[in-house]
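Residue numbers (the working numbering), protein chains in the order written: chain V, 74 to 361; chain A, 316 to 533.
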């Protein structure tokens with residue numbers, strides 16, 4: 074179980090939104106649910122309540138009644154209709170858009186808003202699928218097919234959660250609204266949600282706390298304890314053009330593994346650097 | 316007559332690879348194989364010494380040992396990888412080993428020259444270094460070697476930048492790889508404003524950092 078998130082900002086609008094779902098759920102289940110899409114919507118709403126009992130109160134009765142109104146055939150058809158590949162693409166695009174929002178400068182405030190909204194929509198869509206699963210589980214329905222699809226959607230994306238750090242204030246609130254047992258699994262809200270530190274790697278200027286989503290200041294102390302951030306800083310330190318032709322570049326060049334740009338850099342650099350020029354001449358010598 | 320004398324270089328090399336793949340000790344056949352290449356390795360070292368006008372006959376043994384160590388550490392798998400990637404195009408095991416010798420020698424003499432250049436002028440007493448300074452220097456040198464090894468990641472990341480964000484890649488290339496004087500020169504070369512040059516280079520760096528982090532994720 075992950076510790077409670079370090080939440081900033083007011084949680085009440087978020088809780089109100091989820092509380093509204095209880096009413097929407099009641100309205101949507103006045104009649105028997107026979108369509109796949111409607112079943113999916115109801116399972117997601119019911120699951121939203123089930124996964125947030127600490128914040129919203131016990132919703133077991135409401136959720137159970139709502140799920141019972143869904144025909145099993147409609148539920149099965151909904152699960153079948155989930156296109157894992159398409160959902161994965163949506164989520165991956167959401168991650169990319171969250172990163173673009175980080176890079177948007179003052180002159181691109183509109184784009185930043187659009188990127189942010191689009192990314193948050195993608196995260197909400199993924200969270201809705203987690204809620205569907207919670208509903209299936211409550212109804213003791215088989216989750217194997219959905220689990221397989223969820224694994225396909227998430228595959229390789231969780232480790233890219235660093236791209237979401239620009240949304241951290243929102244994500245921390247979302248994670249806080251979830252029951253503690255749900256938080257870690259909901260990586261789209263929780264993974265790297267404390268790593269605001271990383272913003273300083275991507276943004277040239279210090280983030281303005283009054284702009285967008287960034288509410289936590291640069292926090293060097295976080296780096297001291299966060300191994301993920303330490304690894305990211307280490308990797309980032311390679312983002313500098315080499316000063317000279319390196320030994321590994323020479324090796325790659327001789328084995329045809331150097332990229333075209335790497336070769337071009339070596340040749341261009343060697344024109345003004347005697348040592349590197351000599352090294353290039355030396356590797357050109359035959360071995361036998 | 317040695318136990319492996321009847322085997323060709325390639326046959327003996329295959330035996331080493333097979334033995335290691337089984338998790339067994341391959342040091343005897345590998346030792347026999349490398350011993351065959353000791354003399355040609357000396358020739359390669361002397362050729363590099365001539366290029367650098369440096370070194371002594373004593374270096375041959377050290378560099379040979381260094382090359383054997385590198386062959387065992389990574390070279391065996393790398394050679395197999397190269398052979399599989401480009402069947403028939405890869406060098407023979409012997410040429411591959413001699414290439415390791417050549418690169419080890421070039422690296423050693425480049426470092427030696429770098430060290431000589433960095434030694435401060437003055438009396439011998441001035442050059443006495445404390446164990447702490449020596450340990451620090453060794454650590455720095457180790458880190459430099461690790462960074463060197465990781466350099467291929469930089470170029471892989473730059474390749475991705477070119478594909479996904481060509482404008483940013485163009486500015487990064489002009490500003491960093493072509494070593495232009497400043498953003499004014501970069502802007503002039505690319506036909507953009509100076510502010511845009513700053514922006515593109517800064518964004519390129521952010522993308523590169525992201526790509527490098529993802530490459531390190533594996």
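Every residue gets a Cβ at the ideal spot worked out from N, C-alpha and C, and that includes glycine. Predicted model only: the values in this text are computed from it and were never measured.
Residues that residue i bridges to, as DSSP identifies them
i	result
residue 143 of chain V	V:106
Pair within 9 angstroms by beta-carbon distance, residue i and residue j
i	j	result
residue 285 of chain A	residue 523 of chain A	Nothing about residue 285 of chain A can be read from this structure; chain A reaches only from 316 to 533.
residue 250 of chain V	residue 128 of chain V	yes
residue 275 of chain V	residue 172 of chain V	yes
residue 136 of chain V	residue 208 of chain V	yes
residue 342 of chain V	residue 494 of chain A	yes
residue 496 of chain A	residue 509 of chain A	no
residue 175 of chain V	residue 272 of chain V	yes
residue 98 of chain V	residue 119 of chain V	yes
residue 419 of chain A	residue 464 of chain A	no
residue 314 of chain V	residue 239 of chain V	no
residue 406 of chain A	residue 378 of chain A	no
residue 178 of chain V	residue 514 of chain A	yes
residue 318 of chain V	residue 352 of chain V	yes
residue 133 of chain V	residue 126 of chain V	yes
residue 196 of chain V	residue 236 of chain V	no
Exposure label - residue i; buried when at least 16 CB within 10 Å
i	result
residue 145 of chain V	exposed
residue 222 of chain V	buried
residue 338 of chain A	exposed
residue 246 of chain V	buried
residue 344 of chain A	buried
residue 417 of chain A	buried
residue 153 of chain V	exposed
residue 335 of chain V	buried
residue 113 of chain V	buried
residue 83 of chain V	exposed
residue 422 of chain A	buried
residue 521 of chain A	buried
residue 316 of chain V	exposed
residue 229 of chain V	exposed
residue 408 of chain A	buried
residue 248 of chain V	buried
residue 138 of chain V	exposed
residue 89 of chain V	exposed
residue 185 of chain V	buried
C-alpha gap between residue i and residue j, whole angstroms
i	j	result
residue 347 of chain V	residue 359 of chain V	21 angstroms
residue 192 of chain V	residue 431 of chain A	55 angstroms
residue 102 of chain V	residue 472 of chain A	51 angstroms
residue 281 of chain A	residue 198 of chain V	Shown here, chain A extends from 316 to 533; a query on residue 281 of chain A therefore has no answer.
residue 391 of chain A	residue 264 of chain V	39 angstroms
residue 121 of chain V	residue 201 of chain V	7 angstroms
residue 258 of chain V	residue 96 of chain V	27 angstroms
residue 427 of chain A	residue 369 of chain A	9 angstroms
residue 342 of chain A	residue 332 of chain A	11 angstroms
residue 478 of chain A	residue 312 of chain V	17 angstroms
residue 217 of chain V	residue 475 of chain A	37 angstroms
residue 161 of chain V	residue 194 of chain V	13 angstroms
residue 219 of chain V	residue 261 of chain V	18 angstroms
residue 92 of chain V	residue 151 of chain V	24 angstroms
residue 533 of chain A	residue 332 of chain V	19 angstroms
residue 108 of chain V	residue 142 of chain V	11 angstroms
residue 366 of chain A	residue 330 of chain A	36 angstroms
residue 267 of chain V	residue 489 of chain A	36 angstroms
residue 346 of chain A	residue 360 of chain A	19 angstroms
residue 466 of chain A	residue 324 of chain A	32 angstroms
residue 280 of chain V	residue 182 of chain V	With a pLDDT of 44 at residue 280 of chain V, under the threshold of 50, the modelled position of this residue cannot be trusted; read the value that follows with caution. Looking at the two C-alpha atoms, the distance is approximately 14 angstroms.
residue 306 of chain V	residue 242 of chain V	22 angstroms
residue 336 of chain A	residue 484 of chain A	42 angstroms
residue 364 of chain A	residue 413 of chain A	15 angstroms
residue 328 of chain A	residue 395 of chain A	10 angstroms
residue 526 of chain A	residue 301 of chain V	15 angstroms
Interfacial residues, the stretch 493-515 of chain A to chain V, with Cβ spacing under 9 angstroms: Within the stretch 493-515 of chain A, the qualifying residues are 493, 494, 513, 514.
Any C-beta of chain V within less than 8 angstroms: which residues of the stretch 356-384 of chain A qualify? Using a CB distance below 8 angstroms, the part of the stretch 356-384 of chain A facing chain V consists of 359, 362, 363, 366, 367, ordered along the chain.
Compile a chain-ordered list of the residues in the stretch 460-472 of chain A whose CB is closer than 9 angstroms to at least one CB of chain V. In summary, the residues of the stretch 460-472 of chain A whose CB is separated from some CB of chain V by less than 9 angstroms are 460, 462, 463, 464, 465, 466, 467, 468, 469, 470, 471, 472, in the order they occur in the chain.
Which residues of the stretch 404-427 of chain A have a Cβ closer than 7 angstroms to any Cβ of chain V? Give them in chain order. Listed by position, the residues of the stretch 404-427 of chain A near chain V (Cβ gap below 7 angstroms) are 410, 413, 414, 417, 418, 421, 422, 425.
Using a Cβ-Cβ cutoff of 8 angstroms, what residues of the stretch 166-198 of chain V are near chain A? List them in chain order. Of all residues in the stretch 166-198 of chain V, those with a C-beta nearer than 8 angstroms to a C-beta of chain A are 172, 175, 176, 178, reading in chain order.
Taking beta-carbon pairs under 8 angstroms, can you tell me which members of the stretch 219-243 of chain V lie near chain A? The residues in question are 232, 233, 235, 236.
Please name the residues in the stretch 330-343 of chain V whose beta-carbon is closer than 9 angstroms to at least one beta-carbon of chain A, in chain order. Answer in chain order: 330, 331, 332, 333, 334, 335, 337, 338, 341, 342.
Chain-ordered residues of the stretch 318-329 of chain V with a beta carbon less than 9 angstroms from chain A: Going along the stretch 318-329 of chain V in chain order, one finds 319, 320, 321, 322, 323, 324, 325, 327, 328, 329 with a Cβ nearer than 9 angstroms to chain A.
Any residues in the stretch 297-318 of chain V with a beta carbon nearer than 7 angstroms to a beta carbon of chain A? Which ones, in chain order? Of all residues in the stretch 297-318 of chain V, 304, 305, 308, 309, 311, 312, 314, 315 have a Cβ within less than 7 angstroms of some Cβ in chain A.
Give, in chain order, every residue of the stretch 130-153 of chain V whose Cβ lies closer than 8 angstroms to some Cβ of chain A. In summary, no residue of the stretch 130-153 of chain V has a CB separated from any CB of chain A by less than 8 angstroms.
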